[in-house]
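Going letter by letter, the sequence shown gives residues 80 to 140 in this note's numbering.
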Amino acid sequence: MSKPQFHWEDPLLLQDQLTTEERMVADAAREYAQGKLAPRVHEAYRSESTDPSIFREMGDL
C-alpha cells in the first residue's frame, strides 16, 4: 500500500473543488496581491504610511 502524498501548496486539496470561474477569480486575486499589492504594502510598512488608493483598487476587483 502506497503512502498518500501531501501537497504543501494545497494541503486540503481545495483547488480541486473549485470551478473554473472560481479558479480564475483566485488567480486574479493572487496575481494582484503578489504583483501590485505586496510591494506597496511593504513600502507602506517601512514608511509607516497608508495609501488610500490601495483600498479603492481592492474594491474594484
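Just so you know, even glycine gets a beta-carbon here, dropped at the ideal spot from N, CA and C.
Rounded to whole angstroms, Gln84 and Arg119 show a C-alpha spacing of 36 Å. Straight through space, the alpha carbons of Ser126 and Ala117 are spaced by roughly 14 Å. Boundaries of the alpha helix (DSSP H) around Met137: 131 to 139.
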